[in-house]
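S.K.: Pasting a structure here, questions to come.
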DNA sequence: TCAAAAGTGTTCCATCTACACCCATGT
DNA sequence: ACATGGGTGTAGATGGAACACTTTTGA
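Protein chains in written order, with the numbering used here: chain F, 4 to 240; chain A, 4 to 240.
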């Protein structure tokens, strides 16, 4: 009986696989989750929209590869977070020949406006166009991952600007979670979990007046599980 | 500027990668989480212990590949659950040349005893031997995944036999979660979440007497998120 | 009748939601 | 003054932990 092996068995069948990395880069823009898409110019699936990414380099780490490709090809350099999602291996997921794809979730803070090339755009994730290959499913997986991690980690840091008011922050959470978020309760929850802190600054009130808002910031710029046993609940009705 | 592409650019560098699939197959045995390991007979890392798996087949889906290899090579056919973990792509993770690895968590119910080959054994996951390559980290990732999914999904079905008493079930949960689990509260929680139901049967009491236990079963044999907003807490002290 | 194990009922507590009310500012 | 938005206080709801108590069996 053959034995499992993690290295090529001498004389065994040598086979290797094309491998690409793809990212669903999400940003909250105008209170809606958007995803960065690129329009395919040539077949197959010419004219459809695809996720940015491309072939893995011969000596390149997976995460380094997607970072590089986002920087080179769609000019996105200010990712606040990047994490691996699923690896897709269905033999016929692409008509051009077998290609494995390792997918990533990327996040961009709400206040930056990366200059993207002409054939690239931010698309509302609730209204995806006709997508190439299996890319629509990847976007959905990315949104689900973001949603659940917002509940028990400090991942909000990756959605929000460096400094923000609580009502701004609530807007980001509302967009990503897809339900109402009470700014007043959000503050207490995130302060109690020690995710955010007041900077002491205040921001001037808007044109209609109103009490000036305190400015907050996240305490850590990297992912931490702040409360594995607590979550944000959607409103009862 | 080059454009992102998910298919080989004509004339672009053609590169492809060895790809293996590996599984951390976990089973609770004698109230402890065990993992199925296989002892490497030849270099590199001869004598160290490795996870079962092997090369991806040319036309094979990832999940089909790991299932096949577990059946062929370590004679494990009764997985109650299988899910993908991370894909590892560090260029030098193996000294034999670059190999990507897609890793899986496999679960086997507590009451089956798969006959495994001689060079294969069930090892307590708390006491791993010297492991080959990066396989120890994969086991840890698998345990973490199991622990968190037990809290908000019905994944217990994959750990427990088809029928069980509540004190048996609590043993599985204790082992996998790594903390005390009150059988009495576990019952109410899982019944409320509609994960388990009483079969109506009772099991005779043990040699020392005691009230005979009711027999329960899981209502679904597949993974379901039963309560995204609730978890099992560790005891306060 | 007693020990042992299972199961129930009840209290306690943490943590979230809901919402009334107070605060600070512009017009 | 009063409208507007920010912030606090607090009551209510939920759901899990803790644990005493009851039930059912064997010796």
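Note that the Cβ used here is the ideal one computed from N, Cα and C, for glycine as well.
1. Return the CA-CA distance between residue 172(F) and residue 222(F), expressed in angstroms with no decimal places.
2. I'd like the list of long-range same chain contacts for residue 105(A), defined as Cβ closer than 6 Å, with 5 residues on each side in sequence excluded.
3. Are there 16 or more other CB atoms within 10 angstroms of the CB of residue 87(F), so buried, or fewer, so exposed?
4. Does residue 90(A) have its Cβ less than 9 Å from a Cβ in chain F?
5. Looking only at its own chain, which residues have a Cβ that is under 7 Å from the Cβ of residue 164(F), when we skip the five neighbours before and after it?
6. In the DSSP assignment, the beta strand (DSSP E) including residue 22(A) goes from what residue to what residue?
7. What does the alpha-carbon distance come out to for the pair residue 132(A) and residue 175(A)?
8. Using the rule of at least 16 other Cβ atoms within 10 Å of the residue's Cβ for burial, across every protein chain shown, is residue 21(F) buried or exposed?
9. Hey, quick one: how far does the beta strand (DSSP E) through residue 63(F) stretch, first residue to last?
10. So, is residue 43(F) buried or exposed, given that buried needs 16 or more other C-beta atoms within 10 angstroms?
11. Excluding the 5 residues preceding and the 5 following residue 224(A) in the sequence, name in chain order all residues of the same chain whose CB lies nearer than 7 Å to its CB.
12. Answer with buried or exposed for residue 228(F), where buried requires no fewer than 16 other C-beta atoms within 10 angstroms of its C-beta.
13. Per DSSP, what are the beta-bridge partners of residue 84(F) in this structure?
14. Near residue 38(F), which residues of its chain fall below 6 Å by C-beta distance, leaving aside the five closest residues on each side in sequence?
15. I'd like the list of long-range same chain contacts for residue 95(F), defined as Cβ closer than 8 Å, with 5 residues on each side in sequence excluded.
16. Are the C-beta of residue 126(F) and some C-beta of chain A separated by less than 9 Å?
17. Using the C-alpha atoms, what's the distance from residue 144(A) back to residue 119(F)?
18. Could you check whether the Cβ of residue 58(F) sits closer than 9 Å to any Cβ belonging to chain A?
19. Give me the Cβ distance between residue 48(A) and residue 139(A), rounded to the nearest whole Å; I'm assuming they're in contact under 8 Å.
20. Could you tell me the distance, in whole angstroms, from the CA atom of residue 98(F) to the CA atom of residue 149(F)?
21. Enumerated in chain order, which unbroken segments of the alpha helix (DSSP H) with a length of 4 residues or greater are wholly contained in the segment 144-220 of chain F?
22. Which bits of chain F does residue 18(A) rub up against, with CB to CB less than 9 Å?
23. Any idea if residue 214(F) is buried or exposed, counting beta-carbon neighbours within 10 angstroms, 16 or more meaning buried?
24. Residue 56(F) bridges to which residues according to DSSP?
25. Could you tell me the distance, in whole angstroms, from the CA atom of residue 79(F) to the CA atom of residue 124(F)?
26. Please report the distance separating the alpha-carbon of residue 230(F) from that of residue 157(F).
27. When the distance is taken between beta carbons, is residue 166(F) closer than 9 Å to residue 205(F)?
28. Secondary structure at residue 231(A), three-state DSSP: helix, strand or coil?
29. Going by C-alpha distance, which of 36(F), 209(F), 122(F) and 60(F) is nearest residue 168(F)?
30. If you run the structure through DSSP and keep just helix, strand and coil, what is residue 222(A)?
31. Indicate the three-state DSSP secondary structure (helix, strand or coil) for residue 18(F) in the structure shown.
32. So, for residue 152(F): in the same chain, excluding its five sequence neighbours on each side, which residues have a beta-carbon less than 6 Å away from its beta-carbon?
33. Which chain F residues are close to residue 87(A), counting only those with a beta carbon under 8 Å from its beta carbon?
34. Taking Cβ-Cβ distances below 8 Å as the criterion, which residues of the segment 112-124 of chain A are in contact with chain F?
35. List, in order along the chain, the chain A residues whose C-beta lies closer than 9 Å to that of residue 94(F)?
36. Around the Cβ of residue 57(A), are there at least 16 other Cβ atoms within 10 angstroms (buried) or fewer (exposed)?
M.R.: With the structure as the only source:
1. 14 Å
2. 24, 65 and 90
3. buried
4. yes
5. 112, 113 and 114
6. 21-32
7. 23 Å
8. buried
9. Premise fails: residue 63(F) is in no beta strand (DSSP E) and is neither H nor E.
10. buried
11. 160
12. exposed
13. 110(F)
14. 27, 29, 126, 128 and 142
15. 101
16. no
17. 36 Å
18. yes
19. With 8 Å as the limit, residue 48(A) and residue 139(A) do not qualify as a contact, their Cβ atoms being about 12 Å apart.
20. 30 Å
21. 169-180 and 186-195
22. 19, 21, 22, 58, 59, 60 and 61
23. exposed
24. 25(F)
25. 12 Å
26. 9 Å
27. no
28. coil
29. 209(F)
30. coil
31. coil
32. 158
33. 89 and 90
34. 120 and 122
35. 61, 62, 63 and 64
36. buried
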